[in-house]
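Before any comments, here is the structure.
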Amino acid sequence: MQIIRYDGSFYGLISALVPFLKQRRLPDAVERENQQQPLLAIEEAEIEAKGTAISIAGGNLHDAELFRIPGISRETWQNAWYAFLSEDKNIELRLARYLLLALEKRGAVDAYQTDERVRSVHRLARQVSVERHRFMGLLRFRSIGANLYYASINSDSFVLPVLAPFFVRRFVGQQWIIHDRRREVAAVYNLKTWTIIERKSADIPPDASEESAAQHLWQCFFDSIAVRERLNLALQQKCIPKKYWHDLIEKPGR
Amino acid sequence: MANEIVEKVTDHGHGSWVAVADKLRILAGAARYDVSCASSGSSRGSPAGSLGNVVPSGICHSWAADGRCISLLKVLFTNFCVYDCAYCMNRRSNDIERAAFSPSELADLTISFYRRNYIEGLFLSSGIIKNPDYTMELLIRCVKLLRENHGFAGYIHLKAIPGADPDLILQAGKLADRLSVNLELPSQQSLKLLAPDKSKVSIFGPMQRIRDWSLEYNPPAGKQRLVSYSGITALTSAPARHQPATRPVFVPGGQSTQLIIGASPEDDRQILTLSESLYKKMQLKRVYYSAYIPLNHDSRLPATQPPPLLREHRLYQADWLLRFYRFSVNELFENGPPLLDNDFDPKIMWALRHPEFFPVDVNRADFESLLRVPGLGMISARRIVQARRVGRLNIEDLAKLGVVMKRARYFLEAPGSDSGTLGLDPARLRQRLLAVEPPVIKPKQLTFEDMTGFQPEIFKDAVMGQF
Chain A
1 MQIIRYDGSF YGLISALVPF LKQRRLPDAV ERENQQQPLL AIEEAEIEAK GTAISIAGGN
61 LHDAELFRIP GISRETWQNA WYAFLSEDKN IELRLARYLL LALEKRGAVD AYQTDERVRS
121 VHRLARQVSV ERHRFMGLLR FRSIGANLYY ASINSDSFVL PVLAPFFVRR FVGQQWIIHD
181 RRREVAAVYN LKTWTIIERK SADIPPDASE ESAAQHLWQC FFDSIAVRER LNLALQQKCI
241 PKKYWHDLIE KPGR
Chain B
255 MANEIVEKVT DHGHGSWVAV ADKLRILAGA ARYDVSCASS GSSRGSPAGS LGNVVPSGIC
315 HSWAADGRCI SLLKVLFTNF CVYDCAYCMN RRSNDIERAA FSPSELADLT ISFYRRNYIE
375 GLFLSSGIIK NPDYTMELLI RCVKLLRENH GFAGYIHLKA IPGADPDLIL QAGKLADRLS
435 VNLELPSQQS LKLLAPDKSK VSIFGPMQRI RDWSLEYNPP AGKQRLVSYS GITALTSAPA
495 RHQPATRPVF VPGGQSTQLI IGASPEDDRQ ILTLSESLYK KMQLKRVYYS AYIPLNHDSR
555 LPATQPPPLL REHRLYQADW LLRFYRFSVN ELFENGPPLL DNDFDPKIMW ALRHPEFFPV
615 DVNRADFESL LRVPGLGMIS ARRIVQARRV GRLNIEDLAK LGVVMKRARY FLEAPGSDSG
675 TLGLDPARLR QRLLAVEPPV IKPKQLTFED MTGFQPEIFK DAVMGQF
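Taken in order, these protein sequences are the chains called A and B.
According to the numbering used here, the first sequence is numbered sequentially starting from 1.
According to the numbering used here, the second sequence is numbered sequentially starting from 255.
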């Protein structure tokens, strides 16, 4: 029995898998140390404020020496990384099979879309990508201090590592916290770098004084912009599934 | 009364938030019949000291109770209007609540929403206050505040006010990501009847100029460079280490327009012919269709009726075929009446009229032919082309690729396909297809996110028109 252990990070998993992949074989099982912890990737989550990613989490897979394996393309790594964030319970072995096939097919693995090993990874990667895209729009910041904003999410996948860089680019001049309540972690950006830290799900800061006016204005806009002659709440709910309503400022469904 | 408030607009007054909320209620309400809300087609990085960026795919931030996407803060600057268009809620002869923002109020509101990630940017239109030039100047003043004082690098869609001085339109286009001039009605006669203050010239004139300026100011595709305007650095193509240029960009997101459907007698073929020529000759990025909703009692308008939402939906589908599926209007309507089919989407309508084109061979047909198969979208067609490079595809493989077969099975040929479903005569095929067609269609504007397996890069290709 060949069992590999890793620290819960993507980098850790790949480091452990590479020796197997190089010998064209698979481990029998993969165990994650510290099962309680979410798939943290703290050291990978550093990014320079100017937007040049230096890490996997920042999306720049090319820079890491570990990821230079002939036959595994950038697209393949990108799929693997996104699929990893789905936290699917068999993700480690799924990725091992997918990457092994990638080596066999010498770079063309992503064309084998009828192969279950490829399909399942693509499906999981797409799931994460779709949820990330949703939060790019549905995430709501609240002002909690001078140039300091806070948002709370409850995502199905661990989207934080791929979501945070988007908000770094967008709000490069404001400090913010994005709190993943389900995993009890938060992405924190301090105008220079961002990082992922632990944060209790109950640890929700109070709003700044001007916040309620801004929220009221948004609700007012949200209600006025709907064309009542075309009321279609079913379509609205299809576009914003109910699980996201809790963290919105506006009130869908009426 | 109106004049007093008009004067107030010009000073830099700033009301309490309660007063702003009241204006917002009125002026968002007045803007809601404008359909366009896209924040797509442009791209800009966020240089140091600025706020925000633009992503080419656009982002929906919420969906209103009518199911439409909310991407931009869509408001009128004012709903005072000197015009008296028959179909418009804000026409001068209507007795309604009127309001106007001040430029700084609206700029502050936009920033406050943007910082909280409520919106991608601002969609600013307006009633005509005093005259077109004066109105355009007010819009420009607000947008300048955003770009210059707030360093706002997010998306801005501005309405080019018909009849405004060309210099003002040029200035507006250098500040905005997208400009639009609303056609409103699909023919000159209808325009004359229903919007007597507007003319074909006052609409097509600015449209042509915007197209020409676009060509003049924006480098051709593939040679786009980092450019700056109004103190903001703009990136019009994929991020790269380009040399800075000094030329300002002009509406990097192009221009769009809007047509009201069902207030005038034009048929679908006439409407789509107009759209096709707007895409080709005016190089528009989008034509929006808006089902006519009776807001005014006016003898020139059709009597009260439910808005033609299904017709609007079919027009969007056909428009999609023109822009992304390489259909022409002539092709769509040959061998049939100038109306789209209520029962089926326009691609099936075309397929039923062209049995000679089918079945299409999954393993041999080119990409364009695959796109013509009902049930195959851009993503499915791409997957097929990619997957067949590494092996022959049979019918079961198609399902694995995520191809929805309930319609496609009548048109696609692959090893293992059921010969009983292929080569049916159109009448029987029609019956079979009706059985699989969902009974209730929820009309809406098509967006890329409705497509299965939404992929931003494909979206970008589509928006930029690079296939």
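Beta carbons are placed, not taken as given, at the ideal position from N, Cα and C, and that holds for glycine.
Computed from a predicted model, the values in this text were never measured in an experiment.
**Prompt:** Can you tell me the Cα-Cα spacing of V455 (chain B) and S441 (chain B), whole angstroms?
**Reply:** Cα-Cα distance, rounded: 12 angstroms.
**Request:** Note down, one range per segment and in chain order, each beta strand (DSSP E) of at least 3 residues found wholly within the segment 92–156 of chain A.
**Result:** Listed in chain order, they are 142–145, 148–153.
**Asked** If you drop the 5 nearest sequence neighbours on each side, which residues of the same chain put their C-beta closer than 7 angstroms to that of N333 (chain B)?
**Response** I280, L281, A284, N344, R352, A353, G381.
**Request:** Could you tell me the distance, in whole angstroms, from the CA atom of C342 (chain B) to the CA atom of I350 (chain B)?
**Result:** About 12 angstroms.
**Message:** For chain B, check one thing: does any of its Cβ atoms lie closer than 9 angstroms to the Cβ of A146 (chain A)?
**Reply:** No, A146 (chain A) lies away from the interface with chain B (no Cβ there is under 9 angstroms from its Cβ).
**Message:** Restricting to runs no shorter than 3 residues, where is the beta strand (DSSP E) found entirely within the segment 509–537 of chain B?
**Reply:** Fully enclosed beta strand (DSSP E) runs of 3 or longer: 509–515.
**Request:** Determine the contact status of D88 (chain A) and L101 (chain A), defining contact as a CB-CB distance below 9 angstroms.
**Result:** Contact flag unset, no.
**L378 (chain B) (DSSP reduced to helix, strand or coil)** = Strand, per DSSP.
**Prompt:** At least one CB of chain A closer than 9 angstroms to the CB of A545 (chain B): is that the case?
**Reply:** Chain A, which has a Cβ nearer than 9 angstroms to the Cβ of A545 (chain B), makes this yes.
**Asked** Would you say R643 (chain B) faces chain A, with C-beta separation under 9 angstroms as the test?
**Response** Contact with chain A is found for R643 (chain B), since one of that chain's Cβ atoms lies less than 9 angstroms from the residue's Cβ.
**Request:** For F406 (chain B), name the three-state secondary structure that DSSP assigns.
**Result:** Judged by DSSP in its simplified three-state form, F406 (chain B) adopts strand.
**Request:** Could you have a look at L586 (chain B) and say whether DSSP puts it in helix, strand or coil?
**Result:** DSSP places L586 (chain B) in helix when its eight states are reduced to three.
**Asked** What residue from B:D595, B:A414, B:E667, B:D597 has the CA that sits closest to L630 (chain B)'s CA?
**Response** When each option's Cα is compared against that of L630 (chain B), the closest is B:E667.
**Message:** If you measure between the beta carbons of F355 (chain B) and F377 (chain B), is that distance less than 9 angstroms?
**Reply:** No, the Cβ-Cβ distance between F355 (chain B) and F377 (chain B) is not below 9 angstroms.
**CA nearest to the CA of P27 (chain A), picked from A:R5, A:H122, A:S129, A:N79** = Selection A:R5, A:H122, A:S129, A:N79 evaluated against P27 (chain A) yields A:R5 as nearest (Cα-Cα).
**Message:** Between B:V289, B:D672, B:G656, which has its C-alpha nearest L437 (chain B)'s C-alpha?
**Reply:** Out of B:V289, B:D672, B:G656, B:V289 has the C-alpha closest to the C-alpha of L437 (chain B).
**Request:** Could you check if M1 (chain A) is buried or exposed, using at least 16 other CB atoms within 10 Å of its CB as the buried criterion?
**Result:** A residue is called buried when at least 16 other Cβ atoms come within 10 angstroms of its Cβ; M1 (chain A) does not meet this threshold and is exposed.
**Item:** Interface residues of chain A facing L655 (chain B) [CB-CB closer than 8 angstroms]
**Value:** Ordered by position in chain A, the residues that pass the 8 angstroms Cβ test against L655 (chain B) are Q113, T114.
**Item:** Boundaries (first-last residue) of the alpha helix (DSSP H) holding R169 (chain A)
**Value:** Element bounds for R169 (chain A): 160–170.
**Asked** Using a Cβ cut-off of 9 angstroms, which residues of the segment 303–325 of chain B contact any Cβ in chain A, in chain order?
**Response** Answer set for the segment 303–325 of chain B: G303, S304, L305, G306, N307, V309, S311, I313, C314, H315, S316, W317, A318, A319, D320, G321, R322, C323, I324, S325.
**Message:** Extract the residue ranges of the beta strand (DSSP E) inside the segment 307–380 of chain B, only unbroken runs of 3 or more that lie entirely within it.
**Reply:** Secondary structure within the segment 307–380 of chain B: the beta strand (DSSP E) runs of 3 or more consecutive residues, fully enclosed, are 326–330, 375–379 (chain order).
**Request:** Answer with yes or no whether the minimum CB distance from R228 (chain A) to chain B is below 9 angstroms.
**Result:** Output row for R228 (chain A): interface = yes.
**Request:** Could you name the residues of chain B that G137 (chain A) contacts, counting a contact when the two beta carbons are closer than 7 angstroms?
**Result:** Contact annotation for G137 (chain A) against chain B: I313, C314, H315 [CB-CB distance below 7 angstroms, chain order].
**Message:** With a threshold of 9 angstroms between beta carbons, is D651 (chain B) in contact with chain A?
**Reply:** Output row for D651 (chain B): interface = yes.
**Prompt:** Listing by chain order, which chain A residues have their CB less than 8 angstroms from the CB of G283 (chain B)?
**Reply:** Under the 8 angstroms cutoff, chain A gives S224, I225.
**Message:** Looking at the secondary structure, which residues open and close the beta strand (DSSP E) in which I178 (chain A) lies?
**Reply:** According to the DSSP assignment, I178 (chain A) belongs to the beta strand (DSSP E) that extends over 175–180.
**Prompt:** Can you name the residues that DSSP bridges to K413 (chain B)?
**Reply:** Looking at the DSSP assignment, K413 (chain B) forms a beta bridge with B:S434.
**Prompt:** Which of the three DSSP states, helix, strand or coil, is assigned to D615 (chain B)?
**Reply:** It is a strand residue.
**Short Cβ contact (9 angstroms threshold) for L528 (chain B) with L513 (chain B)** = Cβ atoms of L528 (chain B) and L513 (chain B): closer than 9 angstroms.
**Request:** Starting from the beta carbon of R352 (chain B), find every residue of chain A whose beta carbon is closer than 8 angstroms, and list them in chain order.
**Result:** Under the 8 angstroms cutoff, chain A gives no residues; its nearest Cβ is about 15 angstroms from R352 (chain B).
**Item:** N-terminal and C-terminal residue of the beta strand (DSSP E) that I4 (chain A) is part of
**Value:** DSSP places I4 (chain A) inside the beta strand (DSSP E), whose first and last residues are 3–6.
**Residue environment, H246 (chain A), which counts as buried when at least 16 other CB atoms sit within 10 Å** = Counting every other CB atom within 10 Å of its CB across the protein chains shown gives H246 (chain A) a total below 16, marking it as exposed.
**Request:** Rank B:R523, B:A517, B:P562 by C-alpha distance to the C-alpha of L555 (chain B) and give the top, closest one.
**Result:** Measuring from the Cα of L555 (chain B), the nearest candidate turns out to be B:A517.
**Request:** Determine the chain A residues that contact W271 (chain B) at a beta-carbon separation under 9 angstroms, and present them in chain order.
**Result:** Contact of W271 (chain B) with chain A by beta-carbon distance below 9 angstroms involves E210, A213, A214, H216, L217.
**Prompt:** Considering only the beta carbon of each residue, do R230 (chain A) and R540 (chain B) sit closer than 9 angstroms?
**Reply:** Against a cut-off of 9 angstroms, the Cβ pair of R540 (chain B) and R230 (chain A) comes out as no contact.
**Message:** For chain A, check one thing: does any of its Cβ atoms lie closer than 9 angstroms to the Cβ of K413 (chain B)?
**Reply:** No, K413 (chain B) lies away from the interface with chain A (no Cβ there is under 9 angstroms from its Cβ).
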